[in-house]
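Residue numbers (my numbering): 1462 to 1753.
Quick reminder that beta carbons are idealized off the backbone N, C-alpha and C, glycines included.
Computed from a predicted model, the values in this text were never measured in an experiment.
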């Protein structure tokens, strides 16, 4: 597969709450931080260069969170891209604390979410965050109270659109009774379809679905990807992303990397067209894995 004329725009566009439209292949900025999603990157200049190159290649949706670093990912985005080009949408998240590398603790209390939003606004040099996601429901805090806090921040003009991450359909339905929800971000890939029903729900209701961990794991998944990739002279990750783009028009993949080479390879997936048979074969991989 040739990388000539690579552009995220080749994936088409998706609507975020009928207020924003972005190219349907974004960038996840989690991996720009240090090991364990903790601290600064090993190569600061390369991290900045990756962000700038992503925008050059048509990426106008960047996903981050205050817990990535913590704070580091948001600070890198501002350093690399501020003042932001017209049309760039930065989606960030709150509701998790970071006591150390690879450690995550819940905190979706209203005071914490307010503090998190204020911190993200400051780090990103924004007066309003285009898309703000509740990172994950807090098991000891009322989910409705967490969402109500984001709705209040939206009314105050600090958030433009409210979104959710790591949620069930029940969570989405409850949240939508409080405030419009523009996107849902859950783990999802051709070989990990636990949230298939959430994808379908989002499609029926015009909500963008942002999959994370798009590369299917396991021997059979790897073999299936490689077989299709060889047929297209492509990389397995490109096939995994192309399948997501095929799966539903509301899916907005956000592959992340700290390498410009891998960034360009990932974005080339916007032009990769799989045939129906290949997509259906990949769709069947979870059943094959279950019969191992």
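Every alpha helix (DSSP H) stretch that sits fully inside the region 1566 to 1642 and reaches 4 residues is listed by chain position as 1571 to 1585, 1604 to 1616, 1630 to 1637. With 16 or more other Cβ atoms inside 10 Å of its own Cβ, residue 1527 counts as buried. In this structure, DSSP gives residue 1646 an extended state, which the three-state scheme calls strand. Closest by C-alpha distance to residue 1710, out of 1644, 1721, 1496, 1724, is 1644.
A straight line joining the alpha-carbon of residue 1658 with that of residue 1548 spans about 31 Å. For residue 1671, DSSP records a beta bridge to 1646. Around the C-beta of residue 1553, 16 or more other C-beta atoms lie within 10 Å, and the residue is accordingly described as buried.
Annotation: residue 1482 is outside any alpha helix (DSSP H); the continuous beta strand (DSSP E) that includes it extends over 1481 to 1484.
As computed with DSSP, residue 1553 is found in a beta bridge with 1593. Fully contained in the region 1469 to 1533 are the following beta strand (DSSP E) runs of length 3 or more, in chain order: 1474 to 1477, 1481 to 1484, 1522 to 1524. Secondary structure at residue 1715: coil, using DSSP grouped into helix, strand and coil.
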